[in-house]
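A.B. asks:
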Amino acid sequence: MKLSKAVIVILIAAFITSLTVFALDEKPTVAIVTGIEGDVTVVRDGKVDKEKVEMGTQLYKGDMLVVGTKGKSTVYFMDGSVLPVEKSQKLILGSLISDSMVDDGSQARALSNNEFTASGFAQLDMTNAKAREMAVLTPAAFRAYGVVPAAPYGNIFDQSPIFIFVDSNKVNLNQEERVYVLIIVDEDSNELFRGDVKGKTNMVNRVQAPGFTLDYGTSDKTFYWDIYRKGEEPEPGNVFELEGVFTLVDKATAEKVKKSMADLRGLLAQNIIDINSYAMMASLYLKNMQLYYDSILYLEQVFENKGESISLFEQAAWLYSNLGNNSGIMVKYYSNMIQKKRD
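The structure is reproduced here in C-alpha cells:
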C-alpha cells in the first residue's frame, strides 16, 4: 500500500445526517482507521498498554496511534481529513485534525488546516451495533427457512444491483448447488426481467440479472423482485406478491453521488488512500446519503479484501437492520460472524 505523505482534506458538499456513534466511555469519535498494513497499534488516553488496531477502529482525543517500522495506516478524521501515517510515526489525537500532531521520532509536527486542500467528504461516522443489541435489530417477521430475498431494499444508487438471498433448509444443512429464477417488475407490475441464476443452499448468495440495467429518471422509480427455486416461480402475469422492493434514486441525486464517488476514486488513483480505505469511505459516505444497500456492497468489498473486524461486522449488521424484515437474516449472519471472531 503506497501512501502519499500529503494530508488531504475532504469537505462534503452533500447532504449530512447525524448518526449515533457508540464510543469508548461515550467520548466523541475523532477519527476512524480505514487502512492498515503491518504493525499498527493504539495507546488509549490515560493508558500504557498498546491495543491492536483493526479496520474500523475508532480513535478519540488523547489517543496515540503507533505505526511500526514496517507498518502504514490511513486515518479518516471526522472533520473530513484523510491522513496517511507512515512507518515509525506516531499520531497524537486532538479533538480535530487541526490540533493533532505527528511525531516521526525526530520531531513532532502540529497539523494545520492551512496544509489541507479542500476536495470531498466530512462527518462520515460509524454506527456499531453491539452484540446485546442484535436481537433488537433483527426484525421478528422474516422467512427463516426457504428462499429469503435479503437485499436490495429501500433507496439504491446502483443501476446493476446485486441481489442477495439465502436458501435455508432446516432438514438438510449441506450446501447444494441449485438453479433459481430471479424476477424483477416495475411499479405497474410490468415484468422487466425473468431469468435463471445459480446459487447454493445454506449460504449467502449474491447474483446479478445478466444484461439487466436500470435507468435513472427525473423522479425516483420503485421496483419489486423475488427469487424462487426453479420450478416454484409464479407464471408470467401472476407476479403480484413479490417479497423484495427497492427504489432507484432520481437522476439529480445520482449525479451528486457519482461526483462524490469520482472524487474518492481520485484519491485512490493518486495512492493517497488504499483500496480498503476507498471501499470503507465509500460505504460511510453512502450510509450518510441513506443509501444503505449500496453502503453494504462497499463494506463487503472490505471483507473480501481481508479487512474483517468486529467493528465492521457490527456496522454491517446495523446497515442490514435498516433494510427491513427479510434482511433480518443477514443481521443474524453478521451476529454469528461477530461471535466467531470473538471465539
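Quick note, the working numbering runs 3 ahead of the 1-based positions in the sequence shown. The beta-carbon is built from N, C-alpha and C at its ideal position, and this holds for glycine as well.
Assuming residue 99 contacts residue 68 (C-beta within less than 8 angstroms), just tell me the rounded distance between them.
C.D. replies: That belief does not hold up - the Cβ atoms of residue 99 and residue 68 are roughly 15 angstroms apart, past 8 angstroms.
A.B. asks: State yes or no: is the C-beta of residue 283 within less than 8 angstroms of the C-beta of residue 305?
C.D. replies: For residue 283 and residue 305, yes; Cβs fall inside 8 angstroms.
A.B. asks: Give the straight-line distance between the Cα atoms of residue 338 and residue 276, rounded to the nearest whole angstrom.
C.D. replies: Looking at the two C-alpha atoms, the distance is approximately 29 angstroms.
A.B. asks: Looking at the strands, I want to know which residues DSSP matches up with residue 182.
C.D. replies: Note: residue 182 sits in a beta bridge opposite 201.
A.B. asks: Going by DSSP, name the residue or residues bridged to residue 226.
C.D. replies: Paired residue(s): 189 and 249.
A.B. asks: How is residue 315 classed by DSSP in three states: helix, strand or coil?
C.D. replies: Note: residue 315 maps to helix in three-state DSSP.
A.B. asks: When you compare only the Cα positions, how much space is there between residue 86 and residue 34?
C.D. replies: Spanning the two alpha carbons is a distance of roughly 10 angstroms.
A.B. asks: Going straight from the alpha carbon of residue 289 to that of residue 311, what length do you get?
C.D. replies: Computed Cα separation, rounded: 19 angstroms.
A.B. asks: How about residue 114 and residue 105: are their beta carbons less than 8 angstroms apart?
C.D. replies: Going by C-beta atoms, residue 114 is nearer than 8 angstroms to residue 105.
A.B. asks: According to the neighbour-count rule (16 or more other Cβ atoms, all chains shown, within 10 Å of its Cβ), is residue 208 buried or exposed?
C.D. replies: The residue in question, residue 208, is buried, as its Cβ has 16 or more Cβ neighbours within 10 Å.
A.B. asks: DSSP state of residue 305, grouped into three classes?
C.D. replies: Reduced to three states, the DSSP call for residue 305 is helix.
A.B. asks: Kindly list the residues whose CB is nearer than 8 angstroms to the CB of residue 117, restricted to its own chain and excluding five residues on each side of it in sequence; keep chain order.
C.D. replies: Interpretation of residue 117 is limited by its pLDDT of 45, a score under 50 that renders its predicted location unreliable; the figure taken from the coordinates is listed afterwards. Hits under 8 angstroms: none found.
A.B. asks: Counting pairs of Cβ atoms below 8 angstroms between the segment 224-239 and the segment 172-192, do you hit three or more?
C.D. replies: Short answer: they touch.
A.B. asks: Quick one: what's residue 104 bridged to in DSSP?
C.D. replies: Bridge partners of residue 104: 95 and 113.
A.B. asks: For residue 127, collect the residues of the same chain with a Cβ closer than 6 angstroms to its Cβ; drop the 5 residues on either side in sequence, then sort them by chain order.
C.D. replies: Around residue 127: 287, 288 and 291.
A.B. asks: Quick one: what's got a C-beta closer than 7 angstroms to residue 257's C-beta in the same chain, skipping five residues either side?
C.D. replies: For residue 257, where only same-chain residues beyond five positions count, the Cβ hits under 7 angstroms are 160 and 219.
A.B. asks: My output table needs one value for residue 275: the three-state DSSP class, helix, strand or coil.
C.D. replies: Residue 275 falls in the coil class under three-state DSSP.
A.B. asks: Just how far apart, CA to CA, sit residue 278 and residue 266?
C.D. replies: Their backbone Cα atoms lie some 14 angstroms apart in a straight line.
A.B. asks: What number of angstroms, rounded off, separates the C-alpha of residue 25 from the C-alpha of residue 317?
C.D. replies: Note that residue 25 has pLDDT 36, beneath the 50 cutoff, so the model's placement of it is unreliable and the number below is only indicative. Distance between the alpha carbons of residue 25 and residue 317 is about 11 angstroms.
A.B. asks: Inspect the beta-carbon positions of residue 43 and residue 71 and report whether they are closer than 8 angstroms.
C.D. replies: The answer is yes: Cβ separation under 8 angstroms.
A.B. asks: Exposed or buried, what is residue 131 when buried is set at 16 or more other beta-carbons lying within 10 Å of its beta-carbon?
C.D. replies: Buried.
A.B. asks: Just confirm the distance between the C-beta atoms of residue 314 and residue 41, as a whole number of angstroms; I'd bet it's less than 8 angstroms.
C.D. replies: Not really, about 19 angstroms apart at Cβ, beyond 8 angstroms.
A.B. asks: Excluding the 5 residues preceding and the 5 following residue 9 in the sequence, name in chain order all residues of the same chain whose CB lies nearer than 6 angstroms to its CB.
C.D. replies: Unreliable positioning characterises residue 9 in this predicted model, as indicated by a pLDDT of 37, which lies under 50. The coordinate reading is nonetheless provided below. Here the set comprises nothing.
A.B. asks: Quick one: grab the DSSP three-state call for residue 321.
C.D. replies: Residue 321: helix per DSSP, three-state reduction.
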